[in-house]
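Trainee: With full-length UniProt numbering, letter number 95 in the sequence shown gets 95, and the count goes up by one each step, no holes.
Every residue, glycine too, gets a C-beta built ideally from N, C-alpha and C.
Every value quoted in this text rests on a predicted model; they were computed, and no experiment measured them.
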Amino acid sequence: MRESLTAFNQVAQFIATSDRATIERPPLLTPYQEQLEKSNVIGRLAFSLEASAHWMRTITNQLNTYDDQIICGKNRDSSRFKYLVNVFNNVFVEEVQPYLSYVDSEYQAIAQETQFVSALLSQSDANVYNLHQRHLEFKETSREHVKYWKGLFERCGRSLSSIRNN
């Protein structure tokens with residue numbers, strides 16, 4: 001797929017930068033046409049980036065909204081904190097973080113091959129697959145989510161290593 005996207009990027013760059021009066025032909029896409037038509041990798045990735053960012057934003061907002069109900073300290077009922085530690089270990093670390101890493105690596109794998117096409121599309125109002133912008137939002141919401149967990153653990157006097165060994 002990477003080879004197909006590179007070829008597509010080269011054709012787009014040729015069209016955008018060539019002199020209109022040139023007789024030179026752009027590189028052929030026909031060897032890659034079937035693979036490009038059958039694969040919706042850019043659309044799927046755009047959806048995954050946007051859906052993940054939305055999910056992270058929603059969960060982080062919910063955690064921030066109810067953060068004052070998480071009580072820490074000696075001689076306090078820390079059952080809610082313990083519940084969140086379990087959520088962190090069993091859901092975020094075991095399931096969510098590997099998925100977020102996978103989505104990010106998929107973006108990194110094709111980002112170079114789609115860079116020129118993305119730049120051309122960004123000039124259009126109809127750019128529904130703005131991968132770069134979606135990736136920036138994805139990274140920002142991921143950072144904000146991690147920032148919440150760090151703040152919670154710091155507020156409750158626990159280190160990440162003690163949380164992970166819990």
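1. Check each candidate in V146, I42, F138, N89 and name the one with the smallest Cα separation from N64.
2. Looking at F88 and W149, is the spacing between their C-beta atoms short of 8 Å?
3. The alpha helix (DSSP H) spanning L59 covers which residue range?
4. Please report the distance separating the alpha-carbon of M56 from that of S48.
5. If you draw a straight line from the C-alpha of Q69 to the C-alpha of L152, how long is it?
6. By how many angstroms is the C-alpha of D67 removed from the C-alpha of N165?
7. Hey, S52 and L131 are a contact pair by Cβ (cut 8 Å); roughly how many whole angstroms apart?
8. Between which two residues does the alpha helix (DSSP H) carrying E144 extend?
9. Would you mind reading off the limits of the alpha helix (DSSP H) that contains I163?
Mentor: Quick answer:
1. V146
2. yes
3. Residue 59 is actually Ile in this sequence, not Leu. Unbroken alpha helix (DSSP H) run through I59: 41-65.
4. 12 Å
5. 12 Å
6. 23 Å
7. Incorrect: roughly 13 Å between the Cβ atoms, too far for contact.
8. 131-155
9. 160-164
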